[in-house]
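Have a look at the structure below, then the notes.
Chains as they are written, first to last, in the numbering used here: chain A, 1095 to 1376; chain B, 392 to 727.
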């Protein structure tokens, strides 16, 4: 979408144009889009942030950025076909343009991660926002101590970023475990079978030197947090990224509120101690 | 110091403001209703009636374009809205419950990010408030800390006097500018005695106590009892001077259309529904609880203000007779 005004005059609700560079299938319902801003400026995001993706005639949807800012010249969005906008997005091909507002929201506090052991836990499409952080850890590996990636999905077909998972499993930089809830007949799967929280008890955790990041569907949070607490992890060392229906992305429209918090601007990344007393958060 | 204006001059002032290019919004007859609408001249101003809808549309329209788009020769062009074209506005005759609301909404529209659409209109609008002389059974401004003589939020505040005059209280610089510019319409006479103002019957509620009760009763059966009958029509939110939730949607075809910001309501069943299908507030009592919590707790937690001016419109509009003032009184009866 070509703009008729310069970015300096950009209004809060107006998108800037981005071009699709490549499209790849992740699962039957999810595709990975690589994009670049058409004016070639970097998106300027930090791991954990999201953008409002828009297509004229189809409005907007909040999508987490799935690539690290250390990887320049493009940014990735993993998009599940769930409504009219995302279905239209799935019809797009390289060279097509879309609108981007943002990046918005809080990010993972990377300075607090320095020198720490990291437990990066995600379930289902929670891997999309976490991939930005995992890639960052890959690219700045020396900044952190041990890094463990733990990922779970319903079944092998539902696993996102299979190529990345294979790479991370083979990388000496990470300890990467993958599990699925169940394997249907004939599926070839290299990970374990069972619920994701079961992967936590065997881990060797030094609570005072560990930061855990948990991103996933709502039921997963409670079970995973319980296991982390059993390991002696303090709430202030557990980070979450919450999903809500953000419409404006800038703390105005009210759709994503959780008690007095605006998930889009106060979050989506929260420390557990910020939200454990907030009813309806997890 | 100019401190009174006659009703005749007030109407003449509207004529002059309109002639000078201002948009003047005030209570106006619309069929058998009174609504805050643009006035063509002073004779259209209706005094002494609480308009059916609040004055928030002056700053935050029910629906407004935020951009337009068009595909030309295969290329999509997006055009911004030129906010400099928003007219200089005088909101006149706003009753205290309506005049106070924008001052409450400034907090949400300007924290972190600035909502230019709201703030530009706000900057360009001068509010001439008017003391309230006619309340009804649904009014409860006195219960939430306001009153028929409350000037909070007004730039100029008018108090009706005997003999068709108004005492003008200049509240802000904006108000002072307007009075200075249109000095000839005002006189510095003292004027007569003040007319009796309306007297809503509800006594001031202990909003701090209500907040504490809300804090402790998120899971109370109370919500089910009072809100099971809520049909989720959203009338209370649309008619409220302080409710401000909105949605963003495109209208038009893929080739040409507009993106619009339009009112929404937390009482609507899909308001919090995610793309994943998860709906954090999936039953009506949870949504009604959010409405009360937002007004009397969350907004206060976040911005230090109560999100209600006691205008009573939601009480009058509710199709199933939910009375927010009665809900608050009910809460007051409980032990903390």
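Positions of the beta carbon are idealized from the N, C-alpha and C atoms, including for glycine.
- Listed along the chain, the chain B residues whose CB falls inside 8 angstroms of the CB of residue 1328 (chain A) amount to none; the nearest CB is some 24 angstroms away.
- Cβ proximity to chain A below 8 angstroms picks out 457, 458 and 460 from the stretch 445-461 of chain B.
- If the five residues before and after residue 1343 (chain A) are omitted, its C-beta is found closer than 7 angstroms to the C-beta atoms of 1146, 1156, 1195, 1196, 1198 and 1358, all from its own chain and listed in chain order.
- At a beta-carbon threshold of 8 angstroms, the residues of chain B lying near residue 1349 (chain A) are 636, 638, 655, 662 and 663, ordered along the chain.
- Among the residues facing chain A, residue 644 (chain B) is included, as its CB has a counterpart in that chain under 8 angstroms away.
- Sorting B:626, B:651, B:432 and B:602 by C-alpha distance to the C-alpha of residue 693 (chain B) places B:602 at the top.
- Distance from the CA of residue 559 (chain B) to the CA of residue 412 (chain B), rounded to the nearest whole angstrom, comes to 23 angstroms.
- Put simply, the CB of residue 600 (chain B) is far from chain A, with every gap to its CB atoms at 8 angstroms or more.
- For a Cβ distance threshold of 7 angstroms, residue set 689, 692 and 693 of chain B lies close to residue 1354 (chain A), ordered along the chain.
- Per DSSP, the unbroken alpha helix (DSSP H) holding residue 490 (chain B) starts and ends at 487-490.
- Annotation for residue 461 (chain B): the continuous beta strand (DSSP E) segment containing it runs 454-463.
- Look at residue 1338 (chain A): its C-beta is under 8 angstroms from a C-beta on chain B.
- Beta-bridge annotation (DSSP): residue 1269 (chain A) is paired with A:1242.
- In the pairwise beta carbon analysis, the stretch 1237-1249 of chain A is classified as touching the stretch 1292-1310 of chain A: at least three pairs are separated by under 8 angstroms.
- Annotated three-state conformation of residue 654 (chain B) is strand, per DSSP.
- If you check the CB distance, residue 436 (chain B) and residue 524 (chain B) do not come in under 8 angstroms.
- Linking residue 539 (chain B) to residue 717 (chain B) through their CA atoms gives a straight-line distance of about 20 angstroms.
- At least one beta carbon of chain A lies nearer than 8 angstroms to the beta carbon of residue 666 (chain B).
- With distances taken between CA atoms, residue 461 (chain B) lies nearest to B:641 out of B:683, B:690, B:707 and B:641.
- A check of alpha carbon separations from residue 659 (chain B) across B:608, B:636 and B:643 identifies B:636 as the nearest.
- Here residue 549 (chain B) carries a strand assignment [DSSP, helix/strand/coil].
- Residue 1320 (chain A) is outside the set of residues whose beta carbon lies under 8 angstroms from a beta carbon in chain B.
- Within the stretch 496-548 of chain B, the complete beta strand (DSSP E) segments at least 3 residues long are 516-521, listed from N- to C-terminus.
- Comparing C-alpha distances from residue 534 (chain B) to each of B:519, B:595 and B:715 shows the shortest one belongs to B:595.
- The stretch 489-498 of chain B makes no contact with the stretch 1327-1346 of chain A, as fewer than three CB pairs between them are under 8 angstroms.
- Rounded to the nearest angstrom, the gap between the Cα atoms of residue 657 (chain B) and residue 681 (chain B) is 7 angstroms.
- Taken atom to atom, the span from the alpha-carbon of residue 445 (chain B) to that of residue 1172 (chain A) is near 43 angstroms.
- Put simply, of B:633, B:684 and B:667 the residue whose alpha carbon is nearest the alpha carbon of residue 452 (chain B) is B:633.
- At a beta-carbon threshold of 7 angstroms, none of the residues of chain B lie near residue 1185 (chain A); the nearest stands roughly 11 angstroms away.
- Chain B has no Cβ within less than 8 angstroms of the Cβ of residue 1257 (chain A).
- Residue 1325 (chain A) is outside the set of residues whose beta carbon lies under 8 angstroms from a beta carbon in chain B.
- Annotation: Cβ neighbours of residue 507 (chain B) in chain A (cutoff 8 angstroms, chain order): 1105 and 1106.
- For residue 1316 (chain A), same chain residues with a beta-carbon under 7 angstroms away, outside a window of 5 residues either side, are 1376 in chain order.
- Taking all protein chains in view, the Cβ of residue 467 (chain B) is crowded by 16 or more other Cβ atoms within 10 Å, so the residue is classified as buried.
- In this structure, residue 1216 (chain A) keeps its C-beta atom at 8 angstroms or more from the C-beta atom of residue 1204 (chain A).
- The beta carbon of residue 1152 (chain A) sits closer than 6 angstroms to the beta carbons of 1178, 1179 and 1182 from its chain, once the five residues preceding and following it are set aside; these are given in chain order.
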